[in-house]
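Q: Residue numbers (UniProt numbering): 1 to 1199. Just so it is clear, CB atoms sit at the ideal spot from N, CA and C, and this is done for glycine as well. The structure's right below; bear with me while I get my questions together.
Right under this line is the structure:
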């Protein structure tokens, strides 16, 4: 059968098969060592097979619902060995070994099927011929049963063998194998019927005389082909009846074997009065349409690397827009099926060792609407499956979908094992995908297989270190025990003596046992340990338990201080603590804080201050531990911030003065956002005895007089009482304070205090004093003279200023002049210090002895040039000058406007006159070399040496030379006006060239290759910098200039400066280590990938929806730039490689250059690396200038 397979493929597959067999054998021994006794349904299958080994063919366990094909095959091999050796080989180990051989056989059959179906395709390779069958053989739902005595592996083996004979045109042999498949599992009759349909169709189609135009492949894959077949058949029966017997004979001859199998199966059903043998109550035939939906979701999950890609999602959305009626009809049908036709089998939640247990319990049952939320997923999955089979003929597709429905719809129990064969048939008949997708599929399967949740860890001797769960009573089962241990946040659950449940954090130190043989008291189908032996299960819980001892240590009006301790069970570890503050109630009527605030603390911190809170507010503070497996549960506490100090109230309004001892006032009523208004305090102040108001001395009039305090509390009023006019001096008592008559011979004022009290904390504020003079012998009764409070007492009664006032005024004026003089002197000194030390205050070029030596501060690094205390720095500078071109100062024109501050001086634009041409330059002007400090000299020499050694490269700006004056030194660097950012934004055709976009159906004026060539040029320039050990540290589109179509990297080394007119937020391009202040060449690799993303998005802002203050934190927590729909997976994968957390995992610039060269050298258009075709509804990624840079006022300085 496999003669056509080339020798390379055979050799590679032989190696694969050997490795697969060895590793599967090792896993088999490992599993059997930890689970030597029957596991799950093996408790039925193994005893039944052993009865057959003993010749007891009449005994049958009614719990078994499948035919005895697997037992007969096992007995056929093992019983003769028993007979010859006298040793019982029908034990658990050898019975399980049967499926190990079938699993290896499955890999071989899948290899044969893949080569038969796809071997003639031009993109089919020897490696793919091995990868595809390997992945299918490792399908977790199938491969798991390699190590158990279940029917799934053997059933799959015989169905695949039947399919292989069918493809090689051996229908009778295929039918014989199909009979064996049915004897193992009755539902395999559906696949026998499916292949019979294909065989019969292939037999009669050549005799239907279909027109060649209607027999083309593009028609055969459409539903129209079915109508053509039916039309021709009707034509034969209506007009060519003589051909009918001939067609029937052809059909019978080709399908005789299948018909024979069908007759035998119908006879069995008749005799058995149904398909199911054994316990029919547990396997009733029902109409369960949602099973088709579950199969679609199963297919989408396990085939996600093929079905879930940006291109496919885009195509799906386009299909929905094109045929909305069809998709709406499916959604309605799915809604009806989910609403009225869902069956929940009792077995579904009976055993936590099945995948479906967790899917149903944790997902579908988490909310009554959860099941409906998956309908869009089902819709997409159906579309994806149809697309995957688009190259198969319509008859095959019809037969496949009918077979899937016939297989799963009658099943009441949701069991993923039912989906194994439909999924394998689907995958075998899909087009072979790329290596990347095959590898992703392989990795996914391995993760699922080795991370199975709730799995049995083995049987162990009972140890007291497992903590008994208080939530489990004597009668228990596996699922109840696991659930109880989850409730107390333990990773492992142990069942002992069929009645006791224990929970613990580890099991590794326990000693193995073989005594776990007792059935669970609440579920006799499960094993719950044995005498002094525990069946240990993983609960699947890896998150920590709640933090402990959360307490409030103190609080202010805007902060709360708390303390906590580690969780009791850290399980998968604690990585961070997340604290959330949610407002429960507040007095602040202007507060719009609906979204809770969050703070993150490292795992070594157990106390924190929560700042920026609102005064007098009740918060629900929740803290949860986080790790790589998820977020732990909340520990909550309700805490108040203290009341805030009220704002200063206005002075009271004077309504009237009736006599010398009474005054009517109106209090100012205010609303506080810092707490409640508890009461108002009325204070009478005697100004003739000046003393600053001290709230601690406030008391009643008697005590104030006794202690000679010049002010007293006349009344304390509630907010309701304060709403009415109040008469000061009426002799009444208000909340214990005597409102004494006002003296008529003194100058006084009235102060109002607002008091706010909450939770035992009281704060108050008082109005500014106002002085009321009443000299009744000079004024009529009821008329008041009002003046403001004087800090030293009364203002003079006459109009002429006295000597004291004049003296004070002169002293104040002199003090102000002295203060101004000091400020001026300070600013002048600070300016001189800053100018002399400017070089050390700015970032420097990073030059390394090794490419990955990191710098804690950009610009502080070791140079390739060896400089120490004994080095003659002046001689070294002269040596460097001798290697560089010296430019006459008269050939250099400098602009007056300063662009910004460089590392050692100022930066200006300029023109260099060279060889009769004018060259735009930027010039770094610094004091003469001799005027620099020794430290600045060393730094400058290292920078200059690095840039002179860099030489000339097409994709970097170069140092053109030095111009020297007596008092100044000029470093002249190449400059180009056109900025990459600007031309990317201007290439947005829809915004600036709509006629071009409409005519060419392109959303960019650039071609796809041009954008990649920009990236390639930048990568080549950065590779050159890396080769000369230079770290850029600020690579972004703002710092790439364009000369013609050639990109040039700039703004590094001595060409780097702090712009006076704008400030760029570099964190959007920064690597994780750069955000922490460490700059490396691999950090530049990260920045390059962000710049590459800018290029393909035509100048979009990286993380354009994220505020500047949030970028660093979110990037650190894993946020990455998303893949544009029009960007190929291989190019985006390159970006992702550049954004690896571990810098060693990032590619070098040389490797990036190599990959981009390959991208451009391949069939660029057809490979789909980048497509700028205009699609309906296309929108550009947003460019938000204010997020990238800030325009500074008064940009540019004239010097």
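Using alpha carbons as the reference points, say which of 414, 1095, 704 and 106 lies closest to residue 287.
A: Residue 287 sits at position 287 when you count from the first residue of the chain shown. Nearest C-alpha to residue 287 among 414, 1095, 704 and 106: 414.
Q: Tell me, which residues are paired with residue 753 by DSSP?
A: If you number the chain shown from 1, residue 753 lands on position 753. Residue pairing of residue 753 in beta bridges, as defined by DSSP: 681 and 766.
Q: To which residues of the same chain is residue 320 closer than 6 Å at the C-beta, ignoring the five residues directly before and after it?
A: As a working mapping, residue 320 is identified with position 320 in the chain shown. The answer, listed in chain order, is 327.
Q: Say whether the stretch 982-1000 touches the stretch 920-933, bearing in mind that this needs 3 or more beta-carbon pairs closer than 8 Å, one atom from each stretch.
A: no
Q: Nearest to residue 172 by CA position, among 131, 102, 1018 and 252, is which residue?
A: Working through the chain shown from its first residue, we reach residue 172 at position 172. Selected option, being the one with the closest Cα: 252.
Q: Between 1117, 713, 42 and 271, which lies nearest to residue 766 when the distance is taken from Cα to Cα?
A: If you number the chain shown from 1, residue 766 lands on position 766. Scanning 1117, 713, 42 and 271 for the CA closest to the CA of residue 766 turns up 713.
Q: State the Cα-Cα distance for the pair residue 906 and residue 931, rounded to the nearest angstrom.
A: As a working note, residue 906 is residue 906 in the chain shown. As a working note, residue 931 is residue 931 in the chain shown. If you take the alpha carbons of residue 906 and residue 931, they lie about 15 Å apart.
Q: For the stretch 627-646 against the stretch 543-560, are there 3 or more C-beta pairs whose distance is under 8 Å?
A: yes
Q: Do you know how far the Cα of residue 1171 is from the Cα of residue 27?
A: Start at 1 with the first residue of the chain shown, and residue 27 comes out as number 27. Start at 1 with the first residue of the chain shown, and residue 1171 comes out as number 1171. Straight-line Cα distance between these residues: approximately 46 Å.
Q: If you draw a straight line from the alpha carbon of residue 756 to that of residue 764, how long is it in whole angstroms?
A: Locating residue 756 in the chain shown gives position 756, counting from the first residue. Locating residue 764 in the chain shown gives position 764, counting from the first residue. If I take the Cα positions, the gap works out to 6 Å.
Q: Kindly identify the DSSP beta-bridge partner or partners of residue 959.
A: Indexing the chain shown from 1 puts residue 959 at position 959. For residue 959, which the question treats as bridged, DSSP gives the partners 973.
Q: Let's see if you can read the secondary structure: which residues bound the alpha helix (DSSP H) around residue 1139?
A: In the chain shown, residue 1139 corresponds to position 1139, counting from 1. Looking at the DSSP string, residue 1139 is not in any alpha helix (DSSP H), and its letter there is neither H nor E.
Q: Does the Cβ of residue 1051 have 16 or more other Cβ atoms within 10 Å, making it buried, or fewer, making it exposed?
A: Walking along the chain shown from the start, residue 1051 turns up at place 1051. The residue in question, residue 1051, is buried, as its Cβ has 16 or more Cβ neighbours within 10 Å.
Q: Buried or exposed, going by whether 16 or more other CB atoms sit within 10 Å of the CB of residue 783?
A: In the chain shown, residue 783 corresponds to position 783, counting from 1. With a pLDDT of 30 at residue 783, under the threshold of 50, the predicted position of this residue should be treated as unreliable, though the coordinate-derived value follows. The residue in question, residue 783, is exposed, as its Cβ has fewer than 16 Cβ neighbours within 10 Å.
Q: On the DSSP bridge list, what partners appear for residue 635?
A: On the chain shown, position 635 is the one that residue 635 refers to. According to DSSP, which records beta bridges pairwise, residue 635 is partnered with 623.
Q: Does residue 318 pass the burial test, meaning 16 or more other C-beta atoms within 10 Å, or should it be called exposed?
A: For the purposes of this step, residue 318 is taken as the residue at position 318 of the chain shown. Classification of residue 318: exposed, given that the 10 Å Cβ count is below 16.
Q: I need the boundaries of the beta strand (DSSP E) containing residue 173, first residue and last residue.
A: Numbered from 1 along the chain shown, position 173 holds the residue referred to as residue 173. It is not in any beta strand (DSSP E) - residue 173 instead sits in the alpha helix (DSSP H) that spans 171-184.
Q: Taking residue 973 as the reference, which of 114, 631, 958 and 936 has the closest Cα?
A: As a working mapping, residue 973 is identified with position 973 in the chain shown. The shortest C-alpha separation from residue 973 is found at 958.
Q: Along the chain, where does the alpha helix (DSSP H) containing residue 989 start, and where does it finish?
A: As a working mapping, residue 989 is identified with position 989 in the chain shown. Here the alpha helix (DSSP H) through residue 989 covers 989-992.
Q: Which first and last residues belong to the alpha helix (DSSP H) in which residue 711 is found?
A: Indexing the chain shown from 1 puts residue 711 at position 711. Per DSSP, residue 711 belongs to no alpha helix (DSSP H); it is in the beta strand (DSSP E), 711-717.
Q: Which one of 102, 581 and 894 has the shortest CA to CA distance from residue 913?
A: Taking the chain shown and counting its residues from 1, one reaches residue 913 at position 913. Taking only the C-alpha atoms, the option nearest residue 913 is 894.
Q: List the residues that DSSP assigns as beta-bridge partners of residue 411.
A: Sequence index remark: in the chain shown, residue 411 carries index 411 (1-based). DSSP, once it has assigned bridges, lists 285 as partnering residue 411.
Q: Could you give the DSSP three-state label for residue 913: helix, strand or coil?
A: For this step, residue 913 is matched to residue 913 along the chain shown. In this structure, DSSP gives residue 913 an extended state, which the three-state scheme calls strand.
Q: Decide if residue 546 is buried, meaning its Cβ has at least 16 other Cβ atoms within 10 Å, or exposed.
A: Residue numbering aside, residue 546 sits at position 546 when the chain shown is read from its first letter. By the 10 Å Cβ count, residue 546 comes out buried.
Q: At the level of alpha carbons, what is the spacing between residue 1181 and residue 986?
A: Counted from its first residue, the chain shown places residue 1181 at position 1181. Counted from its first residue, the chain shown places residue 986 at position 986. The C-alpha of residue 986 is placed about 14 Å away from the C-alpha of residue 1181.
Q: Check whether the stretch 133-142 touches the stretch 102-112, taking contact to mean three or more Cβ pairs, one atom from each stretch, closer than 8 Å.
A: yes
Q: Measuring alpha carbon to alpha carbon, tell me which of 990, 412 and 1110 ends up nearest residue 1176.
A: Counting from one through the chain shown, the residue named residue 1176 turns up at place 1176. If we check each option's Cα against that of residue 1176, 990 comes out closest.
Q: Just to confirm the assignment, what range does the beta strand (DSSP E) spanning residue 1190 have?
A: As a position in the chain shown, residue 1190 is number 1190, starting the count at 1. Per DSSP, residue 1190 belongs to the beta strand (DSSP E) from 1189-1191.
Q: Kindly list the residues whose CB is nearer than 6 Å to the CB of residue 854, restricted to its own chain and excluding five residues on each side of it in sequence; keep chain order.
A: Working through the chain shown from its first residue, we reach residue 854 at position 854. Residue placement at residue 854 cannot be trusted, given a pLDDT of 46 that sits under 50; what the coordinates show is reported in the next sentence. Only residues of its own chain outside the window of five on either side were considered, and among them 1078 and 1080 have a CB closer than 6 Å to the CB of residue 854, listed in chain order.
Q: Please confirm if residue 670 has its CB atom under 8 Å from at least one CB of chain B.
A: Any reference to chain B falls outside this structure, which holds one protein chain only.
Q: What is the DSSP secondary structure of residue 895, reduced to helix, strand or coil?
A: On the chain shown, position 895 is the one that residue 895 refers to. DSSP places residue 895 in the strand class (E or B) of the three-state scheme.
Q: Could you say which of 169, 174 and 170 lies nearest to residue 157 if we only look at CA atoms?
A: Counting from 1 along the chain shown, the entry for residue 157 is found at position 157. Cα-wise, what sits closest to residue 157 is 174.
Q: Cα separation between residue 1054 and residue 1019?
A: Along the chain shown, read from residue 1 onward, the residue named residue 1054 stands at position 1054. Along the chain shown, read from residue 1 onward, the residue named residue 1019 stands at position 1019. Those two C-alpha atoms are separated by around 21 Å.
Q: By Cβ distance, which residues of its chain are closer than 6 Å to residue 91, with the 5 residues on each side in sequence left out?
A: Looking up residue 91 in the chain shown gives position 91. Answer for residue 91: no residue qualifies.
Q: Give the single residue among 708, 444, 735 and 703 whose Cα lies nearest to the Cα of residue 718.
A: Counting from one through the chain shown, the residue named residue 718 turns up at place 718. The shortest C-alpha to C-alpha distance from residue 718 to any of 708, 444, 735 and 703 is the one to 735.
Q: Spell out a yes or no on whether the stretch 484-502 and the stretch 421-438 are touching, meaning 3 or more CB-CB pairs, one atom from each, closer than 8 Å.
A: no
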